[in-house]
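Shown next, in structure tokens, is the structure this report addresses.
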Amino acid sequence: MLDLYSVNRLIDLWLEEDIGHGDLTALSMIEADAKATFHMNARQDLSLAGIDVAAACFKRYDPAVKVEVKTQDGTRCKPKTTLLAVSGGARSLLTVERTALNIVQHLSGIATETARWMDAIKGTKAKLIDTRKTTPGLRMLEKHAVTCGGGANHRLGLDGGVMIKDNHIAVAGSIAKAVERARARVPGLIKIEVECDRLEQVRDAIAAKADIIMLDNMPLDEMRESVKLVAGRIPLEASGGVRFDTVRPIAETGVDYVSTSKTIQAAPAVDIGLDDA
Numbered sequence: 009m010l011d012l013y014s015v016n017r018l019i020d021l022w023l024e025e026d027i028g029h030g031d032l033t034a035l036s037m038i039e040a041d042a043k044a045t046f047h048m049n050a051r052q053d054l055s056l057a058g059i060d061v062a063a064a065c066f067k068r069y070d071p072a073v074k075v076e077v078k079t080q081d082g083t084r085c086k087p088k089t090t091l092l093a094v095s096g097g098a099r100s101l102l103t104v105e106r107t108a109l110n111i112v113q114h115l116s117g118i119a120t121e122t123a124r125w126m127d128a129i130k131g132t133k134a135k136l137i138d139t140r141k142t143t144p145g146l147r148m149l150e151k152h153a154v155t156c157g158g159g160a161n162h163r164l165g166l167d168g169g170v171m172i173k174d175n176h177i178a179v180a181g182s183i184a185k186a187v188e189r190a191r192a193r194v195p196g197l198i199k200i201e202v203e204c205d206r207l208e209q210v211r212d213a214i215a216a217k218a219d220i221i222m223l224d225n226m227p228l229d230e231m232r233e234s235v236k237l238v239a240g241r242i243p244l245e246a247s248g249g250v251r252f253d254t255v256r257p258i259a260e261t262g263v264d265y266v267s268t269s270k271t272i273q274a275a276p277a278v279d280i281g282l283d284d285a
């Protein structure tokens, strides 16, 4: 779910960056009253994300432009699928073309990569979730793209939950003390997650009544032992160094979540074009 107010603020920044004082090409060679119609088409297999943002780019620059979204976010598309149609002033359409394409190609790349990972763990109980390793300024959109690919979101930001990591534990003195302090100081509905890299810490996190336990860079055999130890009482998240070739074996250990930054950080932009209708 995208907040239109926040999206429009981003679009203003993107357009200002690209246009500067004016689109010299469009202004110099295209008559002010010239009209055009274009279709935004997929040029490869992809999972779509950000099409409404692309549409908003055109409308933000020129409210008179007519934009019709043809395919919804989350759809798995084949080449030549028409994603949106846009018509109106030719200057406006060509000025905004690259900005609109850039964002939908980037977000659809994330959705497509996420869908690939989701296919890899199909049939297991594990859910694939993202991390906070996002492009500054684009977190809301990139996390939206993950959901379009079938994944789920971890914390949206530092205010989304308590994550007690090794350095927090070192400062607090122990897992028990860290959880106790957090529990006493945050709202009651906030989840407290504890990062553990060995079985001893998993036992401590269980005793401290953590809401979620992260298994950080654990070998598969220790993950399986942790699953047995927890016995369904606390959700388990596997994280750290997860790769495409290891995600299936990790998911098969019985953990509830597998978190990775790769579906965002390593996702290539997909091929989408704006073609003359």
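If you're matching positions, the sequence shown starts at 9 in my numbering and goes up one per residue. Each residue gets a CB set at the ideal place from its N, CA and C atoms; glycine is no exception.
Check	Outcome
Residue range of the unbroken alpha helix (DSSP H) whose run includes residue 165	Note, residue 165: premise wrong, no alpha helix (DSSP H); not H, not E.
Supposed close pair residue 259, residue 132 - CB separation, criterion 8 Å	4 Å
For residue 135, the residue or residues it bridges with in DSSP	265
Top-ranked residue by Cα proximity to residue 80, from 99, 98, 242 and 54	54
For residue 97, the first and last residue of its enclosing beta strand (DSSP E)	90-97
Segment contact flag, the segment 111-125 with the segment 148-164, C-beta cutoff 8 Å, min 3 pairs	yes
When 169, 59, 185 and 92 are compared against residue 284, the one with the closest alpha-carbon	92
Which of helix, strand or coil DSSP assigns to residue 73	coil
Sequence-distant residues of its chain with Cβ nearer than 8 Å to residue 10 (five each side left out)	60, 61, 148, 149 and 152
Of the listed residues 161, 210 and 168, nearest to residue 182 (C-alpha basis)	210
Per-residue burial, residue 265 [other beta carbons within 10 Å of its own, 16 or more giving buried]	buried
Cβ separation of residue 7 and residue 162, assumed to be a contact under 8 Å, to the nearest whole Å	In this structure the chain extends from 9 to 285, so residue 7 is not present and cannot be described.
Whole-number beta carbon distance between residue 99 and residue 38, since they are thought to touch under 8 Å	5 Å
Whole-angstrom distance between residue 276 and residue 173, CA atom to CA atom	30 Å
Neighbourhood of residue 271 by C-beta distance below 8 Å, restricted to the same chain and skipping five residues each side	118, 121, 122, 125, 136, 138, 154, 157 and 159
Contained alpha helix (DSSP H) runs [length at least 4] in the segment 145-223, N- to C-terminal order	147-156, 174-180, 183-193 and 207-215
Touch test, the segment 107-115 against the segment 233-248, Cβ-Cβ under 8 Å, three pairs minimum	no
Uninterrupted beta strand (DSSP E) stretches inside the segment 37-62 (no shorter than 3 residues)	43-50
Run of the alpha helix (DSSP H) containing residue 19, from where it starts to where it stops	12-27
Start and end residues, beta strand (DSSP E) containing residue 280	280-284
Nearest neighbour of residue 262, chosen from 237, 22, 251 and 249 [CA to CA]	237
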